[in-house]
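In this text, residue positions in the sequence shown follow this note's numbering: the first is 29, and each later residue adds one.
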Amino acid sequence: MIEKALTSADVEFVTTLHGDEEVAFHVLLQPRGEQADRLLRAIDDIALGELDEAVREGETPEGEEALSTGERALEVSLTALRTAGAEAGGRLLEDHPLDALRAVVDEVGADEVIVLTDPHYVEEFFHRDWASRARHRVGVPVLKLFSHSKA
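Structure representation (C-alpha coordinates):
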(Lines of atoms letter the chains of each structure in order from A; the text may use other names.)
(Lines give C-alpha, C1' and ligand atoms only; values in the text may rest on other atoms or scores of the structure.)
Protein backbone atom coordinates (compact mmCIF):
# COMPACT_ATOMS: atom_id res chain seq x y z
CA MET A 29 0.00 0.00 0.00
CA ILE A 30 1.48 3.32 -1.09
CA GLU A 31 0.42 6.96 -1.33
CA LYS A 32 2.70 8.24 -4.10
CA ALA A 33 4.94 6.91 -6.84
CA LEU A 34 7.70 4.59 -5.69
CA THR A 35 11.19 6.00 -6.04
CA SER A 36 14.03 3.91 -7.45
CA ALA A 37 15.36 3.48 -3.90
CA ASP A 38 11.93 2.26 -2.74
CA VAL A 39 11.74 -0.24 -5.61
CA GLU A 40 15.21 -1.58 -4.88
CA PHE A 41 14.38 -1.87 -1.18
CA VAL A 42 11.09 -3.76 -1.54
CA THR A 43 12.29 -6.03 -4.34
CA THR A 44 15.29 -7.17 -2.29
CA LEU A 45 13.50 -7.67 1.04
CA HIS A 46 13.12 -11.40 0.51
CA GLY A 47 16.44 -12.17 -1.15
CA ASP A 48 16.06 -14.64 -4.01
CA GLU A 49 12.50 -15.67 -3.13
CA GLU A 50 10.04 -15.18 -5.94
CA VAL A 51 7.52 -12.49 -4.97
CA ALA A 52 4.65 -10.73 -6.66
CA PHE A 53 3.45 -7.25 -5.75
CA HIS A 54 -0.17 -6.13 -5.68
CA VAL A 55 0.12 -2.38 -5.30
CA LEU A 56 -2.71 -0.35 -3.82
CA LEU A 57 -2.36 3.42 -4.07
CA GLN A 58 -4.55 5.99 -2.42
CA PRO A 59 -3.56 9.50 -3.54
CA ARG A 60 -2.42 11.78 -0.73
CA GLY A 61 -5.19 14.28 -1.44
CA GLU A 62 -7.76 11.55 -0.77
CA GLN A 63 -6.39 10.75 2.70
CA ALA A 64 -6.19 12.73 5.91
CA ASP A 65 -7.30 16.30 5.94
CA ARG A 66 -4.98 19.16 5.11
CA LEU A 67 -4.39 20.08 8.75
CA LEU A 68 -2.98 16.65 9.63
CA ARG A 69 -0.81 16.65 6.52
CA ALA A 70 0.50 20.13 7.42
CA ILE A 71 1.29 19.02 11.00
CA ASP A 72 3.25 16.07 9.60
CA ASP A 73 5.19 18.43 7.33
CA ILE A 74 6.00 20.73 10.27
CA ALA A 75 7.10 17.76 12.40
CA LEU A 76 9.51 16.81 9.61
CA GLY A 77 10.83 20.37 9.45
CA GLU A 78 9.36 20.87 5.99
CA LEU A 79 7.71 24.23 6.52
CA ASP A 80 7.52 24.97 2.80
CA GLU A 81 5.56 21.74 2.29
CA ALA A 82 3.17 22.66 5.10
CA VAL A 83 2.40 25.97 3.42
CA ARG A 84 1.75 24.20 0.10
CA GLU A 85 -0.68 21.61 1.49
CA GLY A 86 -3.52 23.69 0.06
CA GLU A 87 -2.09 22.94 -3.39
CA THR A 88 -2.26 19.15 -2.93
CA PRO A 89 -4.60 17.80 -5.60
CA GLU A 90 -7.93 16.54 -4.29
CA GLY A 91 -10.95 14.91 -5.87
CA GLU A 92 -10.70 14.11 -9.59
CA GLU A 93 -7.32 15.80 -9.86
CA ALA A 94 -5.93 13.58 -7.08
CA LEU A 95 -7.21 10.49 -8.88
CA SER A 96 -5.54 11.53 -12.13
CA THR A 97 -2.25 12.15 -10.30
CA GLY A 98 -2.69 8.84 -8.50
CA GLU A 99 -3.21 6.93 -11.74
CA ARG A 100 0.08 8.28 -13.10
CA ALA A 101 1.88 7.46 -9.82
CA LEU A 102 0.51 3.93 -9.87
CA GLU A 103 1.62 3.34 -13.46
CA VAL A 104 5.11 4.70 -12.71
CA SER A 105 5.35 2.40 -9.68
CA LEU A 106 4.18 -0.71 -11.53
CA THR A 107 6.54 -0.03 -14.42
CA ALA A 108 9.47 0.43 -12.02
CA LEU A 109 8.68 -2.84 -10.21
CA ARG A 110 8.38 -4.74 -13.49
CA THR A 111 11.60 -3.21 -14.79
CA ALA A 112 13.30 -4.49 -11.63
CA GLY A 113 12.10 -7.99 -12.58
CA ALA A 114 9.15 -8.28 -10.23
CA GLU A 115 5.65 -9.38 -11.10
CA ALA A 116 3.40 -6.42 -10.32
CA GLY A 117 -0.22 -5.45 -10.64
CA GLY A 118 -2.23 -2.84 -8.85
CA ARG A 119 -5.11 -0.49 -8.56
CA LEU A 120 -6.07 2.94 -7.37
CA LEU A 121 -8.12 3.28 -4.20
CA GLU A 122 -10.74 5.92 -3.68
CA ASP A 123 -12.67 4.83 -0.60
CA HIS A 124 -12.07 2.55 2.38
CA PRO A 125 -8.44 1.56 1.69
CA LEU A 126 -8.26 -0.98 4.50
CA ASP A 127 -11.36 -2.80 3.27
CA ALA A 128 -9.79 -2.96 -0.19
CA LEU A 129 -6.50 -4.13 1.31
CA ARG A 130 -8.20 -6.94 3.18
CA ALA A 131 -10.07 -7.98 0.03
CA VAL A 132 -6.82 -8.13 -1.96
CA VAL A 133 -5.04 -10.09 0.79
CA ASP A 134 -7.87 -12.64 0.73
CA GLU A 135 -8.15 -12.65 -3.08
CA VAL A 136 -4.46 -13.31 -3.80
CA GLY A 137 -3.56 -15.22 -0.65
CA ALA A 138 -0.92 -12.65 0.33
CA ASP A 139 1.74 -13.69 2.83
CA GLU A 140 2.38 -10.15 4.07
CA VAL A 141 1.47 -6.52 3.56
CA ILE A 142 4.00 -3.75 3.06
CA VAL A 143 2.82 -0.23 3.86
CA LEU A 144 5.31 2.24 2.37
CA THR A 145 4.57 5.92 3.03
CA ASP A 146 6.10 9.13 4.24
CA PRO A 147 6.00 9.49 8.04
CA HIS A 148 2.61 10.57 9.40
CA TYR A 149 3.40 11.44 12.99
CA VAL A 150 -0.05 12.44 14.17
CA GLU A 151 -1.68 9.27 12.84
CA GLU A 152 1.19 7.10 14.06
CA PHE A 153 1.08 8.57 17.55
CA PHE A 154 -2.57 7.61 17.87
CA HIS A 155 -2.08 4.32 15.95
CA ARG A 156 -4.43 5.53 13.22
CA ASP A 157 -1.92 5.16 10.38
CA TRP A 158 -2.51 2.51 7.71
CA ALA A 159 -0.01 0.00 9.09
CA SER A 160 -1.35 0.12 12.65
CA ARG A 161 -4.93 -0.22 11.50
CA ALA A 162 -4.10 -2.93 8.94
CA ARG A 163 -2.46 -5.10 11.60
CA HIS A 164 -5.89 -5.59 13.14
CA ARG A 165 -7.74 -6.21 9.88
CA VAL A 166 -5.80 -8.23 7.31
CA GLY A 167 -4.75 -11.42 9.09
CA VAL A 168 -1.15 -11.42 7.80
CA PRO A 169 2.01 -9.67 9.00
CA VAL A 170 2.18 -5.96 8.16
CA LEU A 171 5.57 -4.37 7.51
CA LYS A 172 5.68 -0.59 7.85
CA LEU A 173 8.36 1.17 5.78
CA PHE A 174 9.11 4.80 5.12
CA SER A 175 9.79 6.06 1.63
CA HIS A 176 13.49 6.59 1.02
CA SER A 177 13.22 9.91 -0.75
CA LYS A 178 10.83 12.32 -2.38
CA ALA A 179 9.17 11.15 -5.60
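C-beta atoms are modelled at their ideal positions from N, C-alpha and C, and glycine is treated no differently. Keep in mind it's a predicted model, so treat the numbers as computed, not measured.
The C-beta distance from valine 133 to leucine 173 rounds to 17 Å, too long to fall under 8 Å, and the pair is not in contact. Secondary structure at valine 143: strand, using DSSP grouped into helix, strand and coil.
Annotation: the continuous alpha helix (DSSP H) that includes alanine 37 extends over 36-43. Secondary structure note for glutamate 115: its beta strand (DSSP E) is the uninterrupted segment 115-120. Nearest neighbour of proline 169 by Cα position, chosen from Ser175, Arg161, His176, turns out to be Arg161. With 16 or more other Cβ atoms inside 10 Å of its own Cβ, histidine 148 counts as buried. Sequence-distant partners of valine 104 (beyond 5 residues in either direction) whose C-beta falls short of 7 Å from its own C-beta, in its chain, are Ala33. Taking C-beta atoms as the reference points, alanine 114 and leucine 106 fail to come closer than 7 Å. Spanning the alpha carbons of aspartate 139 and valine 51 requires a straight line of approximately 10 Å. Contact check for valine 55 and leucine 126: beta-carbon distance about 15 Å, past the 8 Å limit, so the pair fails to qualify. Note on serine 96: under 16 other CB atoms within 10 angstroms of its CB, so exposed under the neighbour-count rule. Shown here, valine 55 sits in a strand according to DSSP, grouped into three states.
In the DSSP assignment, valine 170 forms a beta bridge with Val141.
If you compare the alpha carbons of Thr145, Gly118, Asp123 with that of glutamate 135, the shortest gap goes to Gly118. Going by C-alpha positions, glutamine 58 is about 15 Å away from serine 175.
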